[in-house]
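In mature numbering (1 follows the signal peptide of the UniProt record, and there is no 0), the protein residues as written are -15 to -1, 1 to 965.
Built from N, CA and C at the ideal position, the CB exists for glycine as well.
Written out below as structure tokens is the structure these notes cover.
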């Protein structure tokens, strides 16, 4: 009777159907119940499938696979899916049914396991066994559970034994304490689907409103392994936020029942920054960072393994303006705390005498959850047992409405209590600004509590003079004072000291062009006249540990755009006390840029202005001669460049510093829109007796020339011989090497233009086509320089050797501009294309079938239809040099003992006169190639497999290397022809 029922059920089974069922997800403490389900039992699952019809579930049924469109990846499966939820619970589910094997798995017929982590942090491991889907309805496919167990046996660790338990504080049944008690936790040998090791989980949840806390602990056999402890936040319930920390251990080989004790979570620290000044003004950051213990866990972040400790760092900066600025930072760190926290071990300070700035920083380290939430670091700054009080205020005279107008007066400001980090003393500071063209002086004043002691603070006054455009001077005076004598010790008035002592120096700047015309600054800055010296004299301060000198700097520059300028800078210089100063000159050059710089420093006094005489330094630039030159200047893009090239203003008298030579400079853009520029004039430089050209930024050509003698720069710079120099080798199927811009004259750029060697006054364009022994036609475009002997009428070299043919055509042009040539003239393909044009009595084609197919291992396959059945998609227009016909070729060979075939179709550069149709075999019968040619549009439809029967077969002993040898001999002939 059972057989009859089974036969009756099978008679209505649809094709592409699999046994289908799915269990619930069994908790890690109930995994033995999984094996008691009907879905686990192969016979019951099959019976339920037959009786249940289409559909699946705990009771089972049939599942149609017809909706899966990827036939080659459609399989019947039995799989065990394990999940490790973010709250720590591990479950296992048994699933039978249809499955589409993911495309990224190499073999759809292979059993396997897949691990993944979803966006919520849940770990999922699926191990499955597969069988082919039935192709008709006379059978039903079921994958035996044993196949999955065999797979798991291979994938799992052997002999894993773990503690298995769970406990919750909310249950109040003692389960939490029992599970934490390693001696009372259940011990069990792990099932194959959970034998990757043992796991531990500790959960802690907090109610956001009432503050109630609850915890749970889990121990069990694991389907997963973790490299390190992992912690995740999760939602436990309404308004309950939980954190679950979990880890794994091997559970075998002497480490059985290793999942004991509590999980040690990764440390968390406060991570934030906050900056404020001595007045309490917030500058940057989050104010909660200053008092995180009162603000909650607003910036508590998990620390990486490399930085497991918590740090608090505080920095105080006494800036040039006179204000003291505080920054506190809290972060994770890899640094370990010193044995004890002291200012000597935890703090450091520095000061800059030049800028009158001081800084001090302290850092503390701890290792506990959120332990960097306190301000104990203040104690490392503190030096007192009692609270210090200092006068505190701020006032800016340029803004009368700012805080406290009495700040600079005696007892200015209000006494305020100093915090621990700022009780080293009291400070006051004043800054004054005086301008030549503005009446009076404006000041800015600060008073407050100080984090610095006498050794750390920079006190006293410093003066800095700045010469602005037009020669106007601006004097900045900075004063700092510090006291430690007690409350309100910073009460003294803040007074401008006036001009400070020290030495006096000429302080000014100026820039002129090579006609002697001033561009910026004052022309008197180039003067040594006593009246001019007195006008620009200024007192210099001497920083501690330094010696004050007076300095002069002169600099001549020749820019790549053509302009030449001369700069002077005079003023105070500071060098170490053991230095005597120096005088030196240096030359620098880059592409299109020349610079000469000379400097001197001299010791002086308030009576003796040491840098008053500029004549000796000027002597390094002067040629001790009177010189006149043509002068003009047209910048890039000007419409008057040609007029400047061929003339300019004659008899322009040169300034002494630019009387070494007359110069020409041309800049040409390779972009037609940008045009060119030209400059003539007097020069400090004389290194370009012969014209010299450089390419700058791949966009500009810069040419320069210098000459000796009055008005010697009348004529323009003759351009050097230049050609496009490049190579591009290619076929019709996208295989190429070299520079692709070389082939198409419309894509040629300045990047391929090169200056030719001496005597190379000819540019060559060469186009070569080869019909190689392997069956394909390949082409090469070359552009290069050649000697004058190569300047001949266009010509071609041709060869038809049966198995190999070539056609090599040349056009030439002169790059000698002075004799009517053109720079980089080999930039047109028209003439070389015409050499490939078929004769009047020869056919001309405009389109052919173009494709390839290859069976060579590890190579490009092309399209298989190309071998015998090209389609309309394979139509291609023929390039101007490939309109002599269409071709088909096929090659057969052996590579590493494996036979292969290749087929090629395309436009032909060879007319019928250069084609010898037929088949050719290499010696030893290792390779054979057959070629066919036709003279009509898209006529190359012949089947490649039939070429051997439709063409004449010729046997040759020439090997594949003979074509290469022929190319070598042929290339040698070209070298002799072109360069003798």
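So the candidates are the options; which of them puts its Cα closest to the Cα of residue i?
| i | options | result |
| --- | --- | --- |
| residue 968 | 709, 790, 418 and 734 | Residue coverage of the chain in this structure runs from -15 to 965, which leaves residue 968 outside it and unanswerable. |
| residue 887 | 840, 73, 913 and 924 | 840 |
| residue 556 | 492, 217, 615 and 618 | 492 |
| residue 623 | 632, 318, 780 and 662 | 662 |
| residue 351 | 252, 382, 166 and 398 | 252 |
| residue 113 | 729, 106, 459 and 63 | 63 |
| residue 854 | 924, 617 and 581 | 924 |
| residue 608 | 787, 500, 767 and 644 | 644 |
| residue 84 | 77, 898 and 95 | 95 |
| residue 69 | 163, 19, 185 and 152 | 185 |
| residue 298 | 287, 333 and 291 | 333 |
| residue 404 | 365, 387, 442 and 393 | 365 |
| residue 145 | 241, 435, 71 and 51 | 241 |
| residue 131 | 190, 28 and 542 | 28 |
| residue 900 | 827, 831, 734 and 931 | 827 |
| residue 355 | 717, 346, 285 and 852 | 285 |
| residue 442 | 614, 769, 912 and 341 | 341 |
| residue 475 | 402, 397, 538 and 836 | 397 |
Cα separation between residue i and residue j?
| i | j | result |
| --- | --- | --- |
| residue 640 | residue 494 | 18 angstroms |
| residue 959 | residue 782 | Low confidence applies to residue 959: its pLDDT is 33, below 50, so where it sits in the model is not reliable enough to give any reading. |
| residue 563 | residue 554 | Legend: pLDDT at residue 563 = 48, less than 50; position of this residue unreliable, value from coordinates given subsequently. Between residue 563 and residue 554, the C-alpha separation is close to 24 angstroms. |
| residue 327 | residue 361 | 11 angstroms |
| residue 752 | residue 814 | 9 angstroms |
| residue 655 | residue 825 | 40 angstroms |
| residue 344 | residue 338 | 12 angstroms |
| residue 693 | residue 666 | 12 angstroms |
| residue 583 | residue 574 | 15 angstroms |
| residue 634 | residue 628 | 10 angstroms |
| residue 578 | residue 498 | 16 angstroms |
| residue 293 | residue 319 | 6 angstroms |
| residue 871 | residue 724 | 27 angstroms |
| residue 732 | residue 726 | 5 angstroms |
| residue 449 | residue 675 | 48 angstroms |
| residue 14 | residue 220 | 23 angstroms |
| residue 863 | residue 807 | 31 angstroms |
| residue 446 | residue 461 | 10 angstroms |
| residue 937 | residue 875 | Confidence is the limiting factor: at residue 937 the pLDDT is only 47, short of 50, which leaves the residue's position unreliable, though a coordinate-based value still follows. When rounded, the distance between both Cα atoms is 14 angstroms. |
| residue 33 | residue 155 | 41 angstroms |
| residue 796 | residue 765 | 14 angstroms |
Just verifying my parser: in three-state terms, what is the DSSP assignment at residue i?
| i | result |
| --- | --- |
| residue 512 | coil |
| residue 406 | helix |
| residue 872 | strand |
| residue 1027 | Residue 1027 cannot be examined here, being either before or after the span of the chain that is shown, -15 to 965. |
| residue 439 | coil |
| residue 504 | strand |
| residue 231 | strand |
| residue 888 | strand |
| residue 649 | strand |
| residue 780 | strand |
| residue 770 | strand |
| residue 476 | coil |
| residue 133 | helix |
In terms of DSSP beta bridges, what is residue i paired with?
| i | result |
| --- | --- |
| residue 616 | 634 |
| residue 379 | 431 |
| residue 721 | 715 |
| residue 761 | Answer is none; residue 761 lacks a bridge partner. |
Less than 7 angstroms between the CB of residue i and some heavy atom of the ligand PLP, yes or no?
| i | result |
| --- | --- |
| residue 730 | Within the structure as shown, the ligand PLP is missing, as the structure has no ligands at all. |
For the 8 angstroms Cβ check, are there 3 or more pairs between the stretch 177 to 187 and the stretch 225 to 233? yes
Taking three-plus beta-carbon pairs below 8 angstroms as touching, is the stretch 248 to 264 in contact with the stretch 300 to 314? yes
Taking contact to mean at least 3 C-beta pairs separated by less than 8 angstroms, is the stretch 783 to 801 in contact with the stretch 705 to 723? yes
Is the number of C-beta pairs between the stretch 680 to 688 and the stretch 514 to 523 that are closer than 8 angstroms three or more? no
For the pair the stretch 461 to 474 and the stretch 379 to 395, tell me if three or more CB-CB distances fall below 8 angstroms. no
Taking contact to mean at least 3 C-beta pairs separated by less than 8 angstroms, is the stretch 741 to 748 in contact with the stretch 783 to 795? no
Is the stretch 426 to 442 touching the stretch 501 to 509 in the sense that three or more CB pairs, one from each, lie closer than 8 angstroms? no
If we count Cβ pairs, one from each stretch, closer than 8 angstroms, do we get three or more for the stretch 98 to 114 versus the stretch 130 to 139? yes
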